[in-house]
Amino acid sequence: MSELEEKDPVVNSSLARPMVIASVLLMVSLAWALWDEAYATRPWKSYQSRFVKLYSSYLKTARPSAEDAEKKIRASSEYLRLDKEMQAAEKSVLAKVTEIDREVNQVLVPQSLALNEPFQEVRSSIGALTYQIEVASSEKAKQSLRAEIEEIKKDKVTVKLPNPDGSMKKVEYTFPQMDKDLLDWKAKKAALLLQRVELMKPASELRARRDKYLSDRIAEVSNETLAGVERKLAAFSPGIRQIHVKDVDLVDRCESCHLGTREPVVLTKAAMGGEAMFTSHPNKDLLKTHDPEKFGCTPCHGGNGVATSSVDKGHGRHKYWLWPMHHKENVEAGCQQCHSGEVVTEMGDTLNAGRELFRLRGCMACHRYEGFDKEPEDLTGVNQQMRQLEQQKAEWDREAGFTIQKADKSKDNAEAQRLYARADDLKVKMSGLDAKIEQLDIRSRSLIREIKKVGPSLKEVRSKLKKEWIPVWVKDPNHWRPGTKMPVFRLDDEEVQAISAFIWQAGVNGKVPPQPQGDAERGKEAFETRGCMACHSMGEGSAKQGGTFAANLSREGEKANYEYLVRWVHEPRERTLPYCPYEKKDLTEEDYKRNGAPFVFDLEHTRCPNDGHELQVQQMTPMPSLRLSIEEARDIATYLMTRKQANASLPAAPYLDDPKLKARGQFLVRNYGCAGCHEISGLEEEQRIGTELTREGSKPIERLDFALLGHDAAKEGWYNHKGFFEHKLKDPSVYDKGKEKENKLERLKMPNFNLAKNEIDALATLLIGSVEPNIPARYQFKPTDQRQDIIEGWWVVRKYNCMGCHQVHVGQTTVFNTLTRYQDPDWKDQRPPSLIGEGARVDPAWLMRFLNNPAQEEKDLNRNGVRQYLKARMPTFHFSDGELRKLVRFFEAMSSQAQPYIAQKLDPLTEQERTMARQLFSSEGAPCLKCHATGDPNHDKRATAPNFTLAKERLKPGWTKRWMIDPAMMAPGTAMPSGLFQRDGGRFIFAGPTPASFQGYQKDHADLLVRYMFQFTQEELSRLRASAGAGAGR
Amino acid sequence: MDLHQLWTILSTPDNVPIVLLLFVIPFYTWYGLRQSFANDRLIAQLEKDPVMAKTHHRKTQPWRPGWAREVHVWPYLLRIEFLAAIILTVILMVWSITLNAPLEEPANPTLTMNPSKAPWYFLGLQEMLVYFDPWMAGVVFPSLIIVGLMVIPYIDENPLGNGYYTYKQRKFAIWTFLFGFIALWVSMIVIGTLIRGPGWMWFWPGMTWDHNRLTFDVNRDLPDIFGIKNRIGKILFGGIVVGIYCVAAWIGVHMAIVRDAFGKKILARMSLLQYATMQLMLILMLSLPVKMILRLVFRIKYVWVTPWFNI
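Chains as they are written, first to last, in this note's numbering: chain A, 1 to 1034; chain B, 1035 to 1345.
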């Protein structure tokens, strides 16, 4: 053993080295802990300092230009004039104002202050004694205390009051004197200050005007604001910036990093050195209606508003945060939570597109979604209510009978009277029920009319289609007609055959009369100008033109039967056989004959001959009638029959008539949910086959079946709602991948819609936004005023594609704006009118009549009611009462018109005024009749503007006047000339030469014309025609 | 081999202590035993030396001539403890900086997470639920564990081994501890943490925790295997089987104690109550691995089925 080992290691070994190392490690970990606490878990600190740096340097570049602009304005003569006036006004009252200020500040205020203290002292002692009086028990004690107070009041106090020159004077005061002086001085001071304000008034008004002149002329931010921002930045102290909305317990600290969001200066990415996180909110208008102080950030954007320790956590991109921030392409998902009942949300274009796809592509036919396709549900609800009310009525009826019986038998007179009164009450209540039932009945009839299907009825395939076309189409509709609404089901040949056979065999045998051929040339012209193309498109590939609302008709000739097509073009709603929902069958002529009724069914004859129930008498298509003559319908149908590909041929399909396939086909049709979109015999009552999607976005992720892809999704980063929806929409069978499902029926049924990327984004946005709202109901957009009318109206406007022809809101393009033909200047005036401001323009009662019958005529339906010069025709939609009401209310609300409409009363015209107006109307200077129709067929041939004789029924007088004065402002590009009137003092006078009779006329010329038009009579029309004719003759 | 899955499980902050456990426990067991064996050798050497025998002496750093027979706590012990305290502080600080508390999503009463696991220190109990009915695994056994720990000082009649490591003098106690703590308690925690996946199914390390996984497993009661249908028969049969087990375990434990002279000596010092208590606890402790084997290998659900309890 060596020496060293001999030594006792417990006593002699040194721990110095491990101790030093451990201590150093401890210090290092301490430093690490401090750094972690101060910086690593508070990344916003470095963001804040970077923001301050970037913002300051941006301001340095932005400020000079703003300063220059402001300097220029300050140097402008107008500003200098205003400034000089202001200075002069101030100067003129300067002496008086100084005098007042001196009096107030050097005399009244110091004196009051000096006197106030001794006064307060005495008053307090009196107050204490008064309290003692109030609580004293004996009258004697009270008396002595009162005497004491009197004593105090008489006592004299010496007060030192300051003189204006600074010296003091001694004054002797009793309490009442002090009181009086103080009040006097106060009154005097108030009077003087009032006087001062009066004196300064002109000067301050001028100052305000000068400042307004400046602020009006600075486009973005004033120099002052910039200086304010700079000051703020100089004094910037790092810290959490949070929005706390107390009543919903919301804390959002997003602005701790996103500091530029609400800056008054618009900060772009480029301005902030390419850092997108510091930019201002891109939509300031949105923030105006959704003030962040009230709404916070995360209710709309998602994310974890309280988290500040890392970007991922703050944005909620964390496995355990259930409400991650929406990605850029889905940012509008946040709107849906509160705007869930809407089909059109302002500023929500992606979301609106998603909703439109959800409707148009038929998602709603398989998936229930609150608000979409709700008519069938409403109908069930209404029918149920009706049944309940009828039951109630029967009960009351019986009870009334019993009560009367009891009353008849009762011995007591008073008792009998009581019972009779009760029976009477019940009868009155029953009549109230009758009224309710009547209303429900009307509503139910409305609803039957409102129910529409996404796809065409398959009941009439036998008369409508070429038989062999069915299997070709069922197999792959998107191949036959690229971009069609109908999705591709993953069917094998056996299934295609069975389904086609069932559809063919389930068709009804309605009669379609034979039709002679029309003229394809004329048909083409009509197809392109009547308005068909607002919904339908024609041509394939890049040659495609027209709307996407309805089918592309480029290959119509390959599939359709001519006779049926004529009938369809003429009146698409016409059925060959009506359907009775009560008996669940299509009625035939037999049913009518058996009951001795004529075989007539239309919107006036809607009752079932067998049992009196309401029938479905219309095709459930949104396609309207263009009120074409039968000849024109034949022309269009003939044209459409020529639309086919060269060498088009269809393989023979003898199996379509094989009755053995029918049962199998029906089973498959039911399995794939075909009846969701199509009306099919025997399957009218089918329910939706898909899952409800109203709250799909807040379904727990575990309940979304990623099947075997869950692990890949987690690895690739799409194990979330967005990823699930996007993959499903892109390839609906994606979650069957790798699954062993031998039975085909077990496989996912959702067909492939061949959606484009932007369509998937739009639909995913809708679905991501479809969440259980986690904010209180009052934050949700459920208005009770006119805005509700707008919400409801949009559903109807979208349902019938009004926007294919009309501009309904600012910034919208119609299909007509995109058609090549309508780019020609000659054809521009042929576009259907814009409906912006329609509610302010027309009388709501007239609008209701017009929408109901756009021909404005009972017999000659083959025309436009208002703009007869337009080739495009306002179709008849056969709106239900409910839809009419919603539409009229919608337009009124869009133009902020008061409900109900009360027509403005106009002063009656004197005979002289009438003559004057007539002369003006037909004068050379105001060629109103050159364009406006009058109802005279000869004249109207050349007319290019609405019939003004309808004005008194159709228009609102206030709008008419505004229109005549400046039409270009309301409808840029209108043919109606502007500048017809010019302002002359408080009135408008005609700008051109006026007839001699206007000499000395002091009233408003525009008013005169309005009154003339709104008090127009038939006699006046002939007089006007005569004078206009004379004018034209000259 | 799904390394992604393995990493996910091992790196979850909640599972880090278990991973540490996997290394730390074998190490310290080995370390302690090494010291014990060294001491045992020393004891044997000292016992041979009549001068040194029967005297108090240091056991960890054996005394040599010229060394102090005893050393003071301060500074010789406290400085080491202080060093240990510093190192532990460093470990705790680094741990708390690098691993955050494993908070998860808000609880949803309509959706139970899968797998749904207790905190790590309770996972052994949760794993026990697989083998016994909830009354046994959740109430009886946990209580017995606590009672068993409490009675140890009262049944331990071995006066040796205080204040130094030794294997020879405390063989029985060490084996009982190794079996009860490491083989049962720790390994069940490890199984519960690392092995049990969705559906509380058995996933070997490296297997993907697949929510769609399906396994076919029929667990039957022992009486059913023997075709006993009526209730009385089941109760009797189960009672007999459990009785046989108890007798066998009793004999086994007894044999283990009386294997050597030292054990016999200790046994002789025990009262009947002490002996009976010890046997009861050990029989119950042994029943756990027996039942685990029955369940995992032979797919037997219960041995003794009665209307009141199941074993």
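All C-beta atoms in this analysis are idealised placements derived from N, C-alpha and C, irrespective of residue type, glycine included.
So, does the CB of A/Asp-36 fall closer than 9 Å to a CB anywhere in chain B?
Chain B, which has a Cβ nearer than 9 Å to the Cβ of A/Asp-36, makes this yes.
Any Cβ of chain B within less than 9 Å of the Cβ of A/Arg-607?
Closer than 9 Å: no.
Since B/Asp-1251 and B/Tyr-1336 are thought to touch, with beta carbons under 8 Å apart, how far apart are those beta carbons, to the nearest angstrom?
Their Cβ separation, rounded to whole angstroms, is 15 Å, which puts B/Asp-1251 and B/Tyr-1336 out of contact at 8 Å.
How would you call A/Ala-62, buried or exposed, if buried means at least 16 neighbouring beta carbons within 10 angstroms?
So A/Ala-62 counts as buried.
Looking only at its chain, what residues have a beta carbon closer than 8 Å to the beta carbon of A/Leu-4, apart from the 5 residues adjacent to it on each side?
Residue placement at A/Leu-4 is flagged as unreliable, the pLDDT there being 48, under the threshold of 50; the coordinate-derived value follows with that caveat. So no residue of the chain qualifies.
Let me confirm a value: A/Arg-1034 is counted as buried when at least 16 other C-beta atoms fall within 10 Å, else exposed. Which label applies?
Reliability of the predicted coordinates at A/Arg-1034 is poor, the pLDDT of 34 falling under 50, and the value obtained from them is presented with this limitation in mind. So A/Arg-1034 counts as exposed.
Is the stretch 382-396 of chain A touching the stretch 790-807 of chain A, taking contact as three or more C-beta pairs under 8 Å?
Flag = no, the stretch 382-396 of chain A and the stretch 790-807 of chain A do not touch.
Is there contact here, the stretch 277-286 of chain A with the stretch 254-267 of chain A, by at least three beta-carbon pairs under 8 Å?
Touching, yes, given that three or more Cβ pairs across the two stretches are closer than 8 Å.
Between which residues of its own chain and A/Ser-923 is the CB-CB distance below 6 Å, once the five residues before and five after are set aside?
Answer for A/Ser-923: Pro-995, listed in chain order.
If we count the other Cβ atoms within 10 Å of its Cβ and call it buried at 16 or more, is A/Leu-426 buried or exposed?
So A/Leu-426 counts as buried.
Just by C-beta distance, which residues in the stretch 700-731 of chain A are closer than 8 Å to chain B?
Against chain B - using a Cβ distance shorter than 8 Å - the residues of the stretch 700-731 of chain A are Pro-700, Glu-702, Arg-703, Ala-707, Leu-708, Gly-710, His-711 and Lys-715.
Do you know how far the Cα of A/Thr-606 is from the Cα of A/Gly-401?
Their backbone Cα atoms lie some 35 Å apart in a straight line.
Nearest-angstrom Cα distance between A/Gln-132 and A/Ser-125?
C-alpha separation (whole angstroms): 11 Å.
Determine the closest residue to A/Gln-517 out of A/Gln-405, A/Leu-491 and A/Ala-633, with distance taken between C-alpha atoms.
Answer by Cα proximity: A/Ala-633.
In chain order, what residues of the same chain lie with their CB nearer than 8 Å to the CB of A/Val-734, ignoring the 5 residues before and after it?
Closer than 8 Å at the Cβ level, and outside the excluded window around A/Val-734, lie Leu-709, His-727 and Lys-728.
Taking the C-alpha atoms as reference points, what is the distance between A/Leu-1008 and A/Met-964?
Cα to Cα, A/Leu-1008 sits roughly 12 Å from A/Met-964.
Can a CB atom of chain B be found closer than 9 Å to the CB of A/Ser-29?
Closer than 9 Å to some Cβ of chain B, the Cβ of A/Ser-29 qualifies, so yes.
With a cut-off of 9 Å, does the C-beta of A/Ala-22 fall near any C-beta of chain B?
Closer than 9 Å: yes.
If the cut is a Cβ gap below 8 Å, which residues of chain B does A/Leu-322 touch?
Those are Glu-1139 and Pro-1140, listed as they occur along chain B.
Taking the beta strand (DSSP E) that A/Lys-170 falls in, what are its first and last residues?
Run containing A/Lys-170: 168-173, per the beta strand (DSSP E) assignment.
Just to confirm my understanding: we take A/Val-344, look at its own chain, exclude 5 residues before and 5 after, and list those with CB closer than 6 Å. What are they?
Closer than 6 Å at the Cβ level, and outside the excluded window around A/Val-344, lie Asn-352 and Trp-794.
Using the Cβ count rule (16 or more neighbours within 10 Å means buried), how would you classify A/Val-11?
Looking at its Cβ environment, which holds fewer than 16 other Cβ atoms inside 10 Å, A/Val-11 is exposed.
With a 10 Å radius around its C-beta and 16 neighbouring C-beta atoms as the bar for buried, classify A/Glu-495 as buried or exposed.
Its Cβ being crowded by 16 or more others within 10 Å, A/Glu-495 is buried.
With three or more beta-carbon pairs closer than 8 Å as the criterion, would you say the stretch 868-878 of chain A touches the stretch 514-534 of chain A?
Verdict: yes, contact present.
Between which two residues does the beta strand (DSSP E) harbouring A/Asp-984 extend?
981-984 is the span of the beta strand (DSSP E), which, as asked, contains A/Asp-984.
Are the CB atoms of A/Lys-466 and A/Asp-493 within a distance shorter than 9 Å?
Contact flag unset, no.
Would you say A/Pro-513 lies against chain B (beta-carbon separation less than 9 Å)?
No, because no Cβ of chain B sits closer than 9 Å to the Cβ of A/Pro-513.
Here's the rule: buried if 16 or more other CB atoms are within 10 angstroms of the residue's CB, otherwise exposed. What is A/Ala-365?
Buried, by the Cβ-count rule.
Please list, in chain order, the chain A residues whose beta carbon lies closer than 9 Å to that of B/Arg-1113.
Those are Leu-15 and Met-19, listed as they occur along chain A.
In the DSSP assignment, find the alpha helix (DSSP H) that holds A/Thr-158 and state where it starts and stops.
No alpha helix (DSSP H) contains A/Thr-158, which is instead part of the beta strand (DSSP E) from 157-162.
Buried or exposed, going by whether 16 or more other CB atoms sit within 10 Å of the CB of B/Thr-1146?
Classification for B/Thr-1146: exposed.
Using 8 Å for Cβ pairs, my map puts A/Lys-459 next to A/Val-508. What's the rounded Cβ distance?
Right, the Cβ-Cβ distance comes to about 5 Å (below 8 Å), so this counts as a contact.
Just verifying my parser: in three-state terms, what is the DSSP assignment at A/Lys-585?
If DSSP states are grouped into helix, strand and coil, A/Lys-585 belongs with the strands.
Which first and last residues belong to the beta strand (DSSP E) in which B/Pro-1084 is found?
First-last for B/Pro-1084: undefined, no H or E at that position.
Could you round the C-beta distance between B/Asp-1048 and B/Pro-1136 to whole angstroms and report it? I think they count as a contact, below 8 Å.
With 8 Å as the limit, B/Asp-1048 and B/Pro-1136 qualify as a contact, their Cβ atoms being about 4 Å apart.
Could you tell me if A/Ser-237 is buried or exposed, where buried requires 16 or more neighbouring beta carbons within 10 angstroms of its beta carbon?
Label assigned to A/Ser-237: exposed.
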